[in-house]
Every structure is written in C-alpha cells, then in structure tokens.
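Input: a single structure, listed below in structure tokens.
Number of protein chains: 2
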Amino acid sequence: MLRTHTCGELTIKNIGQPVTLCGWLARSRDLGGMTFIDLRDRYGITQLMFNMDTHKELCEQARKLGREFVLKTTGKVSERSNKNSKMPTGDIEIIVEKLEVLNESKTPPFTIEDESDGGDDLRMKYRYLDLRRTPVRNNLLQRHKVAQAVREYFDANGFADVETPFLIKSTPEGARDFVVPSRLSPGEFYALPQSPQTFKQLLMVSGFDRYYQIVRCFRDEDLRADRQPEFTQIDCEMSFVEQEDVMNMFEGMVKHVFKKVRGLELPAFKRMTYTDAMKYYGVDKPDLRFEMKIVELKNLSPSGGGKGEDVVSGKNFKVYDDAELIGGICAKGCAEYTRKQLDELTDWVKRPQIGAGGLGYIKFNADGTLKSSFDKFFDEASLKKIAEKFSAKPGDLILILAGAEERTRKALGALRLEMGSKLGLRDKNKFECLWVMDFPLFEWNEEEKRWFAMHHPFTSWKKEDEGLLNTNPGAVRANAYDVVINGVELSSGSIRIHNRSQQEKMFKLLGLTPEEANYKFGFILNAFEYGAPPHGGIAFGFDRFCSMVINNEDYIRDYIAFPKNNSGRDIMLDSPSDIDAKQKKELGLK
Amino acid sequence: MLRTHTCGELTIKNIGQPVTLCGWLARSRDLGGMTFIDLRDRYGITQLMFNMDTHKELCEQARKLGREFVLKTTGKVSERSNKNSKMPTGDIEIIVEKLEVLNESKTPPFTIEDESDGGDDLRMKYRYLDLRRTPVRNNLLQRHKVAQAVREYFDANGFADVETPFLIKSTPEGARDFVVPSRLSPGEFYALPQSPQTFKQLLMVSGFDRYYQIVRCFRDEDLRADRQPEFTQIDCEMSFVEQEDVMNMFEGMVKHVFKKVRGLELPAFKRMTYTDAMKYYGVDKPDLRFEMKIVELKNLSPSGGGKGEDVVSGKNFKVYDDAELIGGICAKGCAEYTRKQLDELTDWVKRPQIGAGGLGYIKFNADGTLKSSFDKFFDEASLKKIAEKFSAKPGDLILILAGAEERTRKALGALRLEMGSKLGLRDKNKFECLWVMDFPLFEWNEEEKRWFAMHHPFTSWKKEDEGLLNTNPGAVRANAYDVVINGVELSSGSIRIHNRSQQEKMFKLLGLTPEEANYKFGFILNAFEYGAPPHGGIAFGFDRFCSMVINNEDYIRDYIAFPKNNSGRDIMLDSPSDIDAKQKKELGLK
Chain A
0 MLRTHTCGEL
10 TIKNIGQPVT
20 LCGWLARSRD
30 LGGMTFIDLR
40 DRYGITQLMF
50 NMDTHKELCE
60 QARKLGREFV
70 LKTTGKVSER
80 SNKNSKMPTG
90 DIEIIVEKLE
100 VLNESKTPPF
110 TIEDESDGGD
120 DLRMKYRYLD
130 LRRTPVRNNL
140 LQRHKVAQAV
150 REYFDANGFA
160 DVETPFLIKS
170 TPEGARDFVV
180 PSRLSPGEFY
190 ALPQSPQTFK
200 QLLMVSGFDR
210 YYQIVRCFRD
220 EDLRADRQPE
230 FTQIDCEMSF
240 VEQEDVMNMF
250 EGMVKHVFKK
260 VRGLELPAFK
270 RMTYTDAMKY
280 YGVDKPDLRF
290 EMKIVELKNL
300 SPSGGGKGED
310 VVSGKNFKVY
320 DDAELIGGIC
330 AKGCAEYTRK
340 QLDELTDWVK
350 RPQIGAGGLG
360 YIKFNADGTL
370 KSSFDKFFDE
380 ASLKKIAEKF
390 SAKPGDLILI
400 LAGAEERTRK
410 ALGALRLEMG
420 SKLGLRDKNK
430 FECLWVMDFP
440 LFEWNEEEKR
450 WFAMHHPFTS
460 WKKEDEGLLN
470 TNPGAVRANA
480 YDVVINGVEL
490 SSGSIRIHNR
500 SQQEKMFKLL
510 GLTPEEANYK
520 FGFILNAFEY
530 GAPPHGGIAF
540 GFDRFCSMVI
550 NNEDYIRDYI
560 AFPKNNSGRD
570 IMLDSPSDID
580 AKQKKELGLK
Chain B
0 MLRTHTCGEL
10 TIKNIGQPVT
20 LCGWLARSRD
30 LGGMTFIDLR
40 DRYGITQLMF
50 NMDTHKELCE
60 QARKLGREFV
70 LKTTGKVSER
80 SNKNSKMPTG
90 DIEIIVEKLE
100 VLNESKTPPF
110 TIEDESDGGD
120 DLRMKYRYLD
130 LRRTPVRNNL
140 LQRHKVAQAV
150 REYFDANGFA
160 DVETPFLIKS
170 TPEGARDFVV
180 PSRLSPGEFY
190 ALPQSPQTFK
200 QLLMVSGFDR
210 YYQIVRCFRD
220 EDLRADRQPE
230 FTQIDCEMSF
240 VEQEDVMNMF
250 EGMVKHVFKK
260 VRGLELPAFK
270 RMTYTDAMKY
280 YGVDKPDLRF
290 EMKIVELKNL
300 SPSGGGKGED
310 VVSGKNFKVY
320 DDAELIGGIC
330 AKGCAEYTRK
340 QLDELTDWVK
350 RPQIGAGGLG
360 YIKFNADGTL
370 KSSFDKFFDE
380 ASLKKIAEKF
390 SAKPGDLILI
400 LAGAEERTRK
410 ALGALRLEMG
420 SKLGLRDKNK
430 FECLWVMDFP
440 LFEWNEEEKR
450 WFAMHHPFTS
460 WKKEDEGLLN
470 TNPGAVRANA
480 YDVVINGVEL
490 SSGSIRIHNR
500 SQQEKMFKLL
510 GLTPEEANYK
520 FGFILNAFEY
530 GAPPHGGIAF
540 GFDRFCSMVI
550 NNEDYIRDYI
560 AFPKNNSGRD
570 IMLDSPSDID
580 AKQKKELGLK
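As given, the protein sequences belong to chains A and B, one line each in that order. Residue numbers for the first sequence follow numbering that gives the first Met the number 0, so the first one is 0 and each next one is one higher. Residue numbers for the second sequence follow numbering that gives the first Met the number 0, so the first one is 0 and each next one is one higher.
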C-alpha cells in the first residue's frame, strides 16, 4: 500500500507515530511561518502541517500545490494546538517530513465542497468530480448499506439470489422495450427486461420457492423529470403463499432496512384500499404524515353511486350544479390567507399539471363568521353546513375544487400535498408507511380503446369479482398491493396467475389474440401446464427506496452513480452517440 | 402460508405433529393396501402415506395423481417402519388426512431426476423443468452462496458496491459491443458494457478508494462452446496500491470463498511469469495439478535466443532440422503404449484444433532400451541424450512435437493436458491456484496489422520496459496478473494508467488518432487531469468462478439460470426474434 493509514482514522492515540497518508488537497492555508493542508480521502480529512523554520524547502513545495492535487505524504502524528472537535481527526495533525505529488489537477470547474457552485449540467458532465463531494459520495456509500441490509434480510429468510438474463425477448405490454439488434441472427432483436417478472415466475415453477434479486431494469419511456431509462429493482417472489404472507414478509424487509441503516423502529404499516386512498387522498399513494382528508360535497360519478343532491347543488351556482364531483380540504389555521395568497393558490391549481378550472374557498373566520368565494350563491347557513362536513373550526380555511371525477380527485390530492408542504406538515423526520390494497385489475386506455393491466398481465383477480370479468372489467379488483411511504410509491406486488387458462383469459381481455399471446408468452403459458405452484411477490424501486431511506427524499438522481439527464443522455459520456459504419453494417442497420 | 413446514425439515422429533406440506409429486408407489408419494420441494423430499383401509377415498384420489402435480396435504407425522438413512426426512412419513391438488401437470418431456434423459436442446427449451432437477437447482443455490461469500469479504474490507450504468457509449476495442438504438435520439445508439472498466476507474478518480460489484457484462462475439453473450463479472478496483497489494487482497477473496463454500483452506498461491508459463506449460493458464513440464530440445525462435544447435538437429531428419521449436513432455509409465494408442494420440495432435504436423516419441523401455519413431535418424546414444533432458526413467514415454514456435507451444500445452487427463492426474478434489504475471502489454493482430492491448488499453506498463514502447512494443511487459486455478483462467487484473499523457500514448500505439481517442474516451482522458490517484484492480469471471468453486468444473452453462445456446439463442424464449413494425419505425430502423 502507498499509505499506512487513511485520512479518517488518526486520533490522539496515534501521537508520535510515523505515518504515510495519501489523498487529495482539499484546502491549504499559508500562514507565513507555517502552511496547512487539509488532505481528503473517502474516509475523512487530516491536517498536514509544514513548518517554514524546520522544513523550508518542503514548505515552499507545499505552497505551490493546487486544489485536488493527489499527494503522498510522510510525517509524524502530533497533537494540534487548535483542536477541531467537529472532525474525528480534529485533535491531531501530521508534521510533514516527506511529500510526493502522485498526480496534478487542473482547477476543477466547480468547487468540491458540500455545497457546490456547479450547475446541474456541469456537475453531470464532470460526474467524477461531483462524486468527489462528500454528500454525493455518502449517498452512494449509504446505498451500499441499504443493499447490504436488503440482502441480509432475504438471505436470513431463505431467499435465493438468482440472476436472470438481460438479453431477452421483446414482449411490450405497457411501456416500450429497449431492443438490441442481433448480429448472428440478422433482422432479429433481443430486448432488455423491463423487469424479470416472467423469469421469477418461472423460477417459482422450477421450485426455487423464494427468490430475490437486486437487478437493473430498462424502460424506454418518454422521460419525465426524475425518471431514468435504466433503474434498479429489488425483485422478489415466493411460492405457496397468500397475499397476507407476502405483505408480512416484505413489510419485515422495509423495517429491517430502516433499523439497520437509520436506526429507526417502524411501527406496523397502515393499510388502505385503493378506493379509500382515491376518495380521501385523491391519489393511490397517500402521504399520511398529515390528515387533511378530502371531503366530498357532491359525487355524481359511479364511485359516488350517482348521489346527486348535496350541500352544494341547487344554489344556482352553475359550476357546482354541473360538476360531477365537488370536494375539498380543510387547511387548519389558514383563514387569515390574504387575497394574494388565495390568488396564488388559484393560479397553482389552474396550472396544466393540476388542471382545475378554479378554486373555491370558505374562510371560517376567528370571530365565527364565514366568508366564501361564492357568497353570491350561498347564504351563511349553507356555508355553515359545508363547514360542518369538514369539522372546520374558527380560523380554518376550506378549499374546494369541482369538475369531472378523475381530474378533480387528482387535483384535490395535489392541492392537499401543496397545503401540507406550506403548513410544514410533511416532516423530514417522519416516516408513515402504508399498504395500498385491492387495486383495480384493469385501467381503460382511451387512446388504444382497450383495457390495460393496472399492475401487469400476470396479476390475479379476486375470486369474488370473477363474475365481473366479462361484464364489467373495470370493477374487478386485483390481488395487488403497493408499499407507500410518505406519499411515495416504493413497490408494487401481487399474487400471480398460475394457471394456463386464467392467463389466457387475461391476455384475451387485454386484446391479445391467442396467436399473439402464444408468440410472446408461449414459454410461460407452457410452464403453467407443468405444475406451477401458487405464488406471489413484489418489486421495490431500489433507487427511490434508497433516496427515501437515506434522506427521506423523493429524488433519485443523487443516489445513482452515473445517472442520465431528463432526455436520457449521459452527458459525461456523450451517449447515445453515432456508431461506426462497420458496426451498423454488421448489424444489418443502415 | 399454505404450509406449516417444508419437505426437508420433518424428523423423528416431529412425530405425532399435525402438519401441512406443499410440493411436487416426485414419485408414487401403489402397494395395494397402501400408496406412497414422494413429495418434493426445494428443501427436500417427504414421504406421504395413504392407507386404503382407513382412508379409501383419499387413497384412490392419490393413485390418480401424475408426476409433477402440485399438492397440498395435511396429516400427521409418523415414524416409518422402513427407514431411509440417506434422507434427512427418512425416518418419518406423513399419514395423509387431507389432500388438495393445487395444480396439475402434463407429463414432463424428460424425467425430473438427478440424471435426466433429456437432450441439451430439450432441457434448454424447458429450462424451468430442468431447473427443477436437484443438481441444477443446487448449482444455482450454491452460486448464491459464492456471491454471499464474495460480498462478505469485500464488505468486511471496506469495498463499496457501486452500480455502474448499462446503457453506455460504444467504444469497441477488441470485442464487439452490443448496441441499443435510441428512440429519443434517432440514429444514435447506446452500447451495453463489455465491463465497467472505465466507470470503476472514474470511481477511483472520485475517491471511492475501494469498489466492487457483481455485475452483468456483454460481448458480441462469434460464440464458441461455453461462451455466453452475457456473463457476470466480479469487478473490483483499489486506489493507492501497488501490484502486490491488489494480488494479496484478491487472493484473500478467493481463499475466503473456498473456505466458506467448500470448507477448504487453500495454501498461498504459486506465482509464475507469463514467459515461464508459455515455456514450461505451453499456455498462459497452466494446470499445476501435475508436473509434466515441457522440455525444449531446440529453439530457434526469438524467445530461445536463436540457439540453433541442439540434441535433435543435424541428424538428417529434415522435419527436426527445419523446425523452429522442438519440445516434448515425458509421460511417466507410458512406455507400454501400443501402436494403436500412439496412432490415436498422433491423430489427436493432428486435429485442426491442435494443428501439429505429427507426433514423435521415444519409448524408454523397462529393460533400459530406447525405441523411437525416428530410429532411422537417431542412434541409441542420441536418444539417450534426449531422454536425459527429460530425466526420463525406464517405463516412461517421451512425446515430441516440432514446428513453428507459437503453434508448437500451444500443441504441447494441449498434449500435456490430454496426457494429464489420460493418466488421471487432473484430480477433481485438488485445487492448484496460481498467479500468472508479467504479461506482454501488446499482442500483434495479423489481420488488422496493428498492436492490440493484451488485457485492455488501460493497463500500465512496467517502468523498466518504457524504453521499448517505441522500438519493440511486443517486448514491453504489463503490470498485469491473472488468477488461474487448475488450468482455468478466472480473473484478469492490472495496475492502470492514471495519467493523461500515458493514456494518450497507449491509444496512439493502438492506432487511434487523437480525434478518435478523444471521441471515444475523452471523458476518461479528461478525468485523468483532475487528480487521478494511482489505482489497480481485477475482474473475475463469476460464472466460471462458480463452476470451479462448486464442482471444480470448467463448464458454465449449468451455473446460469437461463443460459443461451452456442448460437446465442434463448431456446426457451425463442429469442432473438422479430419485433413489431411499430417498434422498428419508432427506432428509425427499417
């Protein structure tokens, strides 16, 4: 080794010891008689001291070194006169006797400090320098700890880590596949897996019983902010289980990881049906760190059972009379919101991402009076009636949205989160874990005019809903369950179909002809005929899981060593890029 | 859970317990009054007993069940009258009281037994059934153990597991890249990594200090037997190290794995230079389980220093007079080989894979006389002289090949292995671990008429050979080292270049223009200017490592869950395959 110690380990116990350290020049200070250098490596920072009186030449050499030079230095550990209690090595410094520059460095394009002055693009281009910053590097070191804890749990519970192939067959059903042209079979393609779904099911057919893998997956989507074309998944499957078994097992995994990585003991996860999540939180992944449930004032949609008359209709307020769904939330203590604040909120809900037509409000003033944005149509008694539905108290502000069901729910859900953020209710130190259950089996795709599987085509349906499969597919519930933490969907699982005829029925409902089903999925249909056990599983988005566990943050890019930007480009590599004409020719591409 | 226990855990201690088991019907025997079923799962086999007297209906139901049916059964654990000491559950059986068929099975296309009657193609097509066979499933379960041991070692030694990207840039230099057309950047491509080489080096530039990953890699090669287009690599890198440090660290890893998985304490690895390996074993990955070194009788090639005259030339035997290299091996106790045996060996060395022109021999008979295939040209005294060079004893057989250096060495190496096998010297229970060192930096590619990097273009050269870079590149030695076990190359590592100008020099020697080097590798050339530390590492072929550790076998396909065949096809999936016209259009492919 070029060094005897790292820059993070020397303390008062080492005083007097001759040591050799290697690292990067993080900072240097020239105090005339003495020069100090902070030497940094992955493990910490150690102060080097150069004395002008005793080692003039060395000191002059040290003064010429620039930031990020790579140094090898030998000297004696000595007690500092100015101790720094914030650093593990803050009690000591190295009195340098020998110095070697292992490599030079140009001036970095941004500062390598905890808070960098580099913009996103610059930091992406020089990702290897951005990774040198302690917070970013720590994210990745912590990510390793999360992976360790995950493996520890699965290993202890008898799960086998089995590697599944990356060069598979294109069977898009939902998102697009990335494909890989084959040179040995011209005109044919492999596909990169969107998940190892069918393989883990085959492993169950093979009798592996319990399987897990931390595995890369690929999805060629039109990229939204904070989506990556390649992402990592914790993929799991179990045989001879029911939904309850799977949920218990993976709830245990999440708890284990929080315990090991954060030292937190999570309580038992809450549980909620998809229907309730949509009704009360306007979203299938509610943030339960705060209450502020959505209250429906009118619901003409099928989910409301067509209940027309309510506290809001029939006041000659056309917007409300015409609306399919009217709902609101009660923001505690916000009655004092100014005109300006309310206008800003109105603009916010009208943005295309939210899509509401406008924002109604009722201020429940501290003096007990009520003031609304629709005073023209509603008398105080009517407003009171509404306020009662929210259990509003003096000082509260009721915010109301109206319109078509789906969009209004979504908007209410978003408004709820926005108000939660404004009111500081989304506590960074709080974790509220939730199972969302009983998802619909299908969702209607208006563009393609057909049903799509809400989870994926291998999800089984609830036995009691089987009769609806042909008559009302939209009402069939799946044996599907998601883990949601603080409003972030972390995983998605289900009990699978394990029977050929049921799987064929599912493909048929998804609009596949028997020939198509056979061409794409013949292997798994066949496998189901040779003794497939009942099985189910789950997949966690590992990148997002890491960002949640490590920093309670829903932003994955800082937890990936070499991420792509929002256009799917690797700016550092400058990829994708053109390839050689020879390569293209060999692949039969022009 | 559908079961209370697995099929591998019930013993005499459980007698009298009511239990529920799930599994596959492995075998059934109808003895008239009683029917027995062997129920199999991943954990073992448990015998089920159906009594015609007490449970007639159940017994009749059981008799109708076919092989590989999936069953759920409830009953009481009972002591067997006929115990089977070979099975952990052999002392007990289940007196069945309830039986449920969870799924039926068609008759499998081959028997699900330890020795299958299925051919390769059939087993590949029904891989999920092949994996149900205990030896194959065990290989994969053991593979998980190897991975666990590898991670355990690296975790304990402070290595960070950092995931590197799969959608990267095409920079072929040696093997071909698989490429992935980009839909968002039409006409452009990502490439799949042949290894994370440049990324792990960037992680060293970032200060990660110690990195490892068990990671999939891709190489679009013309497939030879037992090569896979995708394979798994244990990838490692360390900073501030010298060759010796890297070798010690990874030798430690191999020892740890053998200890944990096989319970074996390996001794310190032997070490050998590439030159010696080629000279004495005719190959850069010698099998040291047996001696039988190659002895050179004549060497006119540069490696022999042009030493022309020797014990074999000048006897008017034109083949030997003209040969560049003449060498042989001494097969102990084989002097009694018959004419037929020698003819077979001669045919064997003449096969195109070996490529020798013929095989010379000297029998050192038990009575002390010598008999050779070239008696016409050599008198007994000359033969004796040759025999002495081999330290041959009465009863030994000397086998001699002659020809051009490279081919003859290779043929001698192959012949040595063949004789080792014939003589039973390649012991399945023996592990001989070796570091091969001081590889040449370059090898000449006759087809492209240029130098190629023997390891890869990031390998550094020995400082003392630097003067030869421009004058005699073929003689420059690299700071490169391979782990070889029993003649199988398991890993390949090197100390890397960490300096821009040296890396540029390397690219130039490989025939890249500065523009090409910059286009393909600009990111790493740039990175080297911002304080790159000295670093080095290694990569192990994980599939082969598993096959060696688990069964001392050099055949990877049985250690991969879903392998491809020798044409790179997945027979089960029938992939690669055609893709939708819509997909092609979106990707700008016709």
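Even for Gly, the Cβ is constructed at its ideal location relative to N, Cα and C. Model, not experiment: these values are computed from the prediction.
Below 7 angstroms on C-beta distance, what does residue i contact in chain A?
| i | result |
| --- | --- |
| residue 229 of chain B | 164, 165, 166 |
| residue 0 of chain B | 239, 240, 244 |
| residue 578 of chain B | 169, 178, 188 |
| residue 510 of chain B | By Cβ distance, chain A contributes nothing, its closest Cβ being about 14 angstroms from residue 510 of chain B, past 7 angstroms. |
Counting only beta-carbon separations shorter than 8 angstroms, does residue i have a partner in chain B?
| i | result |
| --- | --- |
| residue 531 of chain A | yes |
| residue 23 of chain A | yes |
| residue 186 of chain A | yes |
| residue 143 of chain A | yes |
| residue 119 of chain A | no |
Quick check: the Cα distance between residue i and residue j, rounded to an integer number of angstroms?
| i | j | result |
| --- | --- | --- |
| residue 325 of chain A | residue 516 of chain A | 43 angstroms |
| residue 89 of chain B | residue 549 of chain B | 26 angstroms |
| residue 298 of chain B | residue 403 of chain B | 10 angstroms |
| residue 551 of chain A | residue 257 of chain A | 11 angstroms |
| residue 175 of chain A | residue 431 of chain B | 49 angstroms |
| residue 460 of chain B | residue 477 of chain B | 4 angstroms |
| residue 259 of chain A | residue 50 of chain A | 45 angstroms |
Residue i lies in the beta strand (DSSP E); which residues open and close that run?
| i | result |
| --- | --- |
| residue 326 of chain A | 324-330 |
| residue 347 of chain A | Note, residue 347 of chain A: premise wrong, no beta strand (DSSP E); alpha helix (DSSP H) at 338-349. |
| residue 516 of chain B | No beta strand (DSSP E) holds residue 516 of chain B; the alpha helix (DSSP H) holding it covers 513-526. |
| residue 234 of chain A | 229-238 |
| residue 548 of chain A | Run containing residue 548 of chain A: none in the beta strand (DSSP E); it sits in the alpha helix (DSSP H), 541-550. |
| residue 634 of chain B | The shown model of chain B, from 0 to 589, leaves out residue 634 of chain B, and the question about it has no answer. |
| residue 387 of chain B | Careful: residue 387 of chain B lies outside any beta strand (DSSP E), inside the alpha helix (DSSP H) at 379-388. |
| residue 178 of chain B | 178-180 |
Taking CB distances under 8 angstroms as the criterion, tell me whether residue i reaches chain A.
| i | result |
| --- | --- |
| residue 547 of chain B | no |
| residue 574 of chain B | yes |
| residue 460 of chain B | no |
| residue 161 of chain B | yes |
| residue 260 of chain B | no |
| residue 127 of chain B | yes |
Could you pull the DSSP bridge partners for residue i from this structure?
| i | result |
| --- | --- |
| residue 222 of chain B | Partner(s): none; residue 222 of chain B has no beta bridge. |
| residue 534 of chain A | A:238 |
| residue 213 of chain A | A:233 |
The alpha helix (DSSP H) that contains residue i, what's its start and end?
| i | result |
| --- | --- |
| residue 255 of chain B | 242-256 |
| residue 143 of chain B | 133-155 |
| residue 359 of chain B | Segment 359-363 is the beta strand (DSSP E) holding residue 359 of chain B; no alpha helix (DSSP H) there. |
| residue 352 of chain A | Per DSSP, residue 352 of chain A belongs to no alpha helix (DSSP H) and is neither H nor E. |
| residue 46 of chain A | Premise fails: residue 46 of chain A lies in the beta strand (DSSP E), 43-50, not in any alpha helix (DSSP H). |
| residue 300 of chain B | Taken as a continuous stretch (DSSP letters only), residue 300 of chain B belongs to no alpha helix (DSSP H), as it is neither H nor E. |
| residue 408 of chain A | 404-421 |
Going along chain B, which residues have a C-beta under 8 angstroms from residue i?
| i | result |
| --- | --- |
| residue 588 of chain A | 180, 588 |
Can you name the residues of chain B whose CB is closer than 7 angstroms to the CB of residue i?
| i | result |
| --- | --- |
| residue 67 of chain A | 529, 530 |
| residue 493 of chain A | Those within 7 angstroms of residue 493 of chain A in chain B number zero; the least Cβ separation is about 17 angstroms. |
| residue 571 of chain A | 522 |
Could you tell me which chain A residues have their CB closer than 9 angstroms to the CB of residue i, listed as they occur along the chain?
| i | result |
| --- | --- |
| residue 497 of chain B | 69, 101, 102 |
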